[in-house]
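Keeping their order, the protein sequence lines are chains A and B. Mapping to this note's numbering: the first sequence position 137 is 124, numbers consecutive. Position in the second sequence (first residue = 1) + 29 = this note's numbering. Input: a single structure, listed below in structure tokens.
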Amino acid sequence: MAFKNAKNAKNAKNAKNAEKSFPMSDALVPGLIPVRGPELGDTIFEEMGTLGVVDEENLITLNLGPQHPSTHGVFRLIMHLQGETVISATPVMGYLHRSTEKLGEARTYVQGTVLTDRMDYLSPITNNWAYALAIERLTGMAVPERAEFLRVITGELSRIQSHLVAVGTFGMDVGTYGTPLLYALREREMVLDLLALPTGVRMNPSYIRYGGVARDAPPEFFPQLERFLRIFPSRVDEYERILTGNEVFRNRTIGVGMIPPQVARAYSVTGPIARASGIDYDVRRAEPYSVYDRFDWDVPVRFNGDCFDRYMIRILEMRQSTRILQQALDAIPEGDIRAKMPKVLRPPKGEAYARIEGPKGEIGFFLISDGTINPYRYNVRPPSFVNLTCLSQIAVGHKLADAVVILGSFDIVMGEVDR
Amino acid sequence: MSFSQWYSQADFWLAVGKPIYDWLVSIGIPGWIVAIIYAGVGALAALGLITVFVMLALWAERRFIARLQDRWGPNRVGPFGLLQSVADVLKLLSKEIITPALVDRTLHFLAPMIVLGPALMTWAVIPWGPGLQVTDLNVAILYLLAFGAIPALGVTLAGWASTNKYSLFGGMRAVVQYVSYEVPAGIVIVIPVLLARTMSLQGIVQAQSGPLWNWFVFQPVFFAGAIPIPVPIIGLVAFVYYLIAGLAETNRTPFDHVEADSELTGGFTTEYSGMQFSLFFLAEYANAIAIGLLASALFLGGYHTGLGDAFDNLIWPLLPGVLVTKAAIIFLIFVWVRGTLPRFRYDQLMQFAWKRMLPVTLALVGLSALAASLTPLLGGVLRLAPGVR
């Protein structure tokens, strides 16, 4: 209900803002600005005012990264600055390229699961899931119900874990001395301990395989999960107390890095970033996979598309994940955890695309089978990479400090961007 | 001199300093040599205090922030990790000082010293106890303002000489930030001067002797008969603004733009290593503690306990401890702020200085001047601290 009210109020405001169009000042520096997306006429520098006259001779070229504390890995951002204002920003990716897609073509289907762990290493289970789903679509394999529930439970726990790191490191990017990060990591430890029970490891679990999950959850997993669900909402309140109402934090994030919905659509932005821009889209609801259609939960949407909204969406999604987890915990049936399948999988010739809602957006796997034991094509749609493409447009016109905050609010994982 | 005579002096100079001085002169040492010895001893003592305090402050900060963040903090070296700072200093001392190839060597070498020197000089005028001070300048406030402005030069030079873009940004930010916050800090410091009618820090502290409501932080005080009613509009706001300006001038969160680790990697310290880096570090903490000491002296009654003159005279050898306690509390507030708040954006920092702090501090100076001039007229009702005559 609260969402709906907020939605109406914000909608009216949004409509008003949309009338005021702000030119992107295309005549900034000819040749310096690399990316101009479609339909950029209206938006984004309401807070920043005009850019002023750019003096080409006094531009400073600043290499942010690949080794920089706030690029979240080996990411490089070449920025042209006038004073501290970003005139252009060119992302350079590929420092962590491990040719995962080519490796996937050289391995069998089950070995391909292991590669997916190394992509978004903060939430490996959702990667496993998308890959498993693609193989299941390829072969028409049915998954036992208990396995579906275990997938939902571990998947939502991964989402919480990923969002915890996102919120914590975002706090670091805004300039805290690590207090929100350490609060978040404290709960991430709990989640990792929980995930270690069914999966056996803390990182790279390869838990979700085609046809089911790797192993059943031990009996002590469920009481522990219940205890976590009891504690966790109050811990989210704690993050909100230190960040959401904080005057400095609000000053730094509200109205910063606004992504208008049409720009988000133009760049195929998905996940929390798109939902912060008012795009009410979640794969879990738009194209329900697994058993998501059985749960009662909301898709949080906010309408400013600024860094604060992206942060708030993650906070709200953690609360929604807690709801889903509680229902899944109550409803989980007994039974098999793995479908009957051959020792060596040889899917029939054909192709399949499967997508799921990962913590960072839509994770998609496109597989082409030529009937042999390894895929002919193993293609990934990594949400971090796709979301990152609009950074070069959004960062322009902001201060250097804001560019760092915007990058932090995108919540990228370089393992996934570069693959 | 008997113990009771010595004790009744209630003043470090009269009870300790002067008798030794007289004795040294009486055994035939010329007075000017004794004076030089005194100055040297004072300077060395201040230097030692700074080193000890900075080490303790580093330890306290790390422990306190660790507890804020639900972890242990340093607890391996020595009891409660107390010797961690010593270990860190030894490590920094033994590290190689790396000078990048393209830096301006002279300025790169000089910058840490230009920053550290004034930070140490500030400590010369801090009144530790009655009659206990390296030097009791009658223009101590001007002295503080003058030496408070020099570190900006050092930081800017460090940023410029490093030939690193991050350093350059840090240096350029330093110029504007330090200069901007000098203004409200300089204006707010006028308020104690107006209330005490002296620029000597010893005088300002002595003007706040006696009961608690004589502290400048509680001014102005109204009196209903003998009952004090503090209306701390002037004092409290000025005190808080002095602390905020102090945060900005000592380059601590939420105003740590000059270093800004998440944006500028290390800001002006990016190209410094080993002992040169630790000089910057030492200066930053010496400044932060000095701000705590000065804020206590200017607004919180300095070394006075606030329990009345009789009590202060009774425990006078312990009075420096009172000052240090107050300063420690202020320092821990700084640490608390650091553990809680994010960093302002750069333009927001400037707006805060010029649009919020400056008008308010100017109004406060006007108000305090008004209160000070009204005191003789309204004697029975409105009374400022006894320093106001």
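By construction, the Cβ of each residue, glycine as well, lies at the ideal position given by its N, Cα and C atoms. On a predicted model such as this, the values are computed, not experimentally measured, just so you know.
Shortest alpha-carbon distance to residue i belongs to which of the options?
i: Glu143(A); options: Lys347(A), Ala382(A) and His385(A); result: Lys347(A)
i: Ala130(B); options: Glu300(B), Val287(B) and Arg281(B); result: Glu300(B)
i: Arg96(B); options: Tyr108(A), Thr166(A), Asp160(A) and Thr126(A); result: Thr166(A)
i: Asp99(B); options: Ala236(B), Ala277(B), Gly368(B) and Ala398(B); result: Gly368(B)
i: Leu171(B); options: Val217(B), Leu352(B) and Gln248(B); result: Val217(B)
i: Val235(A); options: Glu321(A), Ala117(A), Gly162(A) and Asp180(A); result: Gly162(A)
i: Glu288(B); options: Val184(B), Arg92(B), Ala190(B) and Asp165(B); result: Val184(B)
i: Tyr276(A); options: Trp116(A), Arg333(A) and Gly358(A); result: Trp116(A)
i: Asp405(A); options: Pro56(A), Pro78(A) and Ala273(A); result: Pro78(A)
i: Gly345(A); options: Asn114(A), Ile65(A) and Tyr82(A); result: Asn114(A)
i: Asn208(B); options: Leu393(B), Ala187(B), Pro405(B) and Met379(B); result: Residue identity differs from the one stated: residue 208(B) is Val in this sequence, not Asn. Out of Leu393(B), Ala187(B), Pro405(B) and Met379(B), Met379(B) has the C-alpha closest to the C-alpha of Val208(B).
i: Lys386(A); options: Leu181(A), Lys330(A) and His67(A); result: His67(A)
i: Val63(B); options: Ala75(B), Gly200(B) and Lys47(B); result: Lys47(B)
i: Ile266(A); options: Arg281(A), Gln211(A) and Asn291(A); result: Asn291(A)
i: Phe62(A); options: Leu51(A), Gly70(A), Thr72(A) and Glu71(A); result: Leu51(A)
i: Tyr254(A); options: Glu321(A), Leu378(A) and Ile147(A); result: Leu378(A)
i: Ala398(B); options: Val219(B), Lys124(B), Trp244(B) and Gly57(B); result: Val219(B)
i: Val364(B); options: Ala190(B), Leu327(B), Thr279(B) and Leu343(B); result: Thr279(B)
i: Glu225(A); options: Ala171(A), Ile260(A), Arg272(A) and Val270(A); result: Ala171(A)
i: Phe284(B); options: Ile122(A), Ile324(A), Ala201(A) and Tyr164(A); result: Tyr164(A)
i: Ile65(A); options: Glu176(A), Asp323(A) and Ser75(A); result: Ser75(A)
i: Ile229(A); options: Tyr279(A), Met245(A), Phe215(A) and Leu169(A); result: Leu169(A)
Under the DSSP definition of a beta bridge, which residues are partnered with residue i?
i: His67(A); result: Thr48(A) and Ser75(A)
i: Ala349(A); result: Here the sequence assigns Glu to residue 349(A), which means Ala is not the residue at that position. According to DSSP, Glu349(A) bridges with Glu344(A).
i: Ala253(B); result: Ile256(B)
i: Arg325(A); result: Gly199(A)
i: Pro240(B); result: Leu336(B)
i: Leu161(B); result: Gly158(B)
i: Ser356(A); result: Gly337(A)
Rounded C-beta distance between residue i and residue j? I'm assuming under 8 Å.
i: Ile399(A); j: Ala382(A); result: With a Cβ gap of about 13 Å, Ile399(A) and Ala382(A) do not count as contacting.
i: Arg133(A); j: Ile319(A); result: 7 Å
i: Ala319(B); j: Thr151(B); result: 5 Å
i: Ile258(B); j: Val250(B); result: 7 Å
i: Leu484(A); j: Thr87(A); result: Here chain A has residues from -12 to 406 only, and residue 484(A) is not among them.
i: Leu182(B); j: Ile143(B); result: 6 Å
i: Ile112(A); j: Tyr194(A); result: 5 Å
i: Val256(A); j: Val373(A); result: 7 Å
i: Val288(A); j: Arg262(A); result: 5 Å
i: Leu118(B); j: Ser307(B); result: Reading the sequence as shown, one finds Val at residue 118(B) and not Leu. At roughly 7 Å, the Cβ-Cβ gap stays under 8 Å, so Val118(B) and Ser307(B) are in contact.
i: Ser238(B); j: Asp341(B); result: 7 Å
Starting from residue i, follow the alpha helix (DSSP H) in both directions and report where the run begins and ends.
i: Tyr197(A); result: Run containing Tyr197(A): none; DSSP gives neither H nor E here.
i: Leu216(A); result: Phe208 to Tyr226
i: Val144(B); result: Arg134 to Thr151
i: Tyr50(B); result: Lys47 to Ser55
i: Asn366(A); result: Element bounds for Asn366(A): not the alpha helix (DSSP H) but the beta strand (DSSP E), Arg364 to Arg368.
i: Asp389(A); result: Leu387 to Phe397
i: Trp284(A); result: From DSSP, Trp284(A) is part of no alpha helix (DSSP H); its letter is neither H nor E.
i: Arg105(A); result: No alpha helix (DSSP H) holds Arg105(A); DSSP gives it neither H nor E.
i: Tyr276(A); result: Tyr276(A) -> no alpha helix (DSSP H), and no H or E assigned at all.
i: Arg421(B); result: Missing from the structure shown is residue 421(B); chain B here goes from 30 to 418 and no further.
i: Met177(A); result: Thr166 to Thr186
i: Leu265(B); result: Ile262 to Glu278
i: Ile300(A); result: Cys294 to Ala318
i: Pro180(B); result: Ala169 to Ala190
i: Thr156(A); result: Glu132 to Val161
i: Glu292(B); result: Asp290 to Leu293
i: Ala356(B); result: Leu348 to Thr369
i: Ala39(B); result: Neither: Ala39(B) is in no alpha helix (DSSP H) and is coded neither H nor E.
i: Ala324(B); result: Gly303 to Phe328
Could you give the first and the last residue of the continuous beta strand (DSSP E) run that contains residue i?
i: Tyr471(A); result: Residue 471(A) lies beyond the residue range present for chain A, which begins at -12 and ends at 406; the question has no answer from this structure.
i: Arg239(A); result: It is not in any beta strand (DSSP E) - Arg239(A) instead sits in the alpha helix (DSSP H) that spans Glu234 to Thr240.
Problem set entry | Inter-stretch contact (C-beta, 8 Å, three-pair minimum) for the segment 299 to 312 of chain A and the segment 328 to 345 of chain A | Segments in contact, no.
Problem set entry | At least 3 beta-carbon pairs within less than 8 Å: the segment 234 to 247 of chain A vs the segment 283 to 296 of chain A | Yes, since at least three Cβ pairs between the segment 234 to 247 of chain A and the segment 283 to 296 of chain A fall closer than 8 Å, the two stretches touch.
Exercise. Counting Cβ pairs closer than 8 Å, one from the segment 345 to 353 of chain B and one from the segment 204 to 213 of chain A, do we hit at least three?
Worked result: Touching, no, given that fewer than three Cβ pairs across the two stretches are closer than 8 Å.
Exercise. Taking contact to mean at least 3 C-beta pairs separated by less than 8 Å, is the segment 143 to 159 of chain A in contact with the segment 350 to 367 of chain A?
Worked result: Touching, no, given that fewer than three Cβ pairs across the two stretches are closer than 8 Å.
Problem set entry | Touch test, the segment 285 to 301 of chain B against the segment 382 to 392 of chain B, Cβ-Cβ under 8 Å, three pairs minimum | Flag = no, the segment 285 to 301 of chain B and the segment 382 to 392 of chain B do not touch.
Exercise. Using 8 Å as the threshold, is the segment 240 to 247 of chain B in touch with the segment 289 to 296 of chain B, meaning 3 or more CB pairs across them?
Worked result: Taking one beta carbon from each stretch, the segment 240 to 247 of chain B and the segment 289 to 296 of chain B have fewer than 3 pairs nearer than 8 Å; the two do not touch.
For this session: Take every Cβ of the segment 102 to 111 of chain B, pair it with every Cβ of the segment 133 to 141 of chain B, and state whether three or more of those distances are shorter than 8 Å.
Result: No, the segment 102 to 111 of chain B is not in contact with the segment 133 to 141 of chain B.
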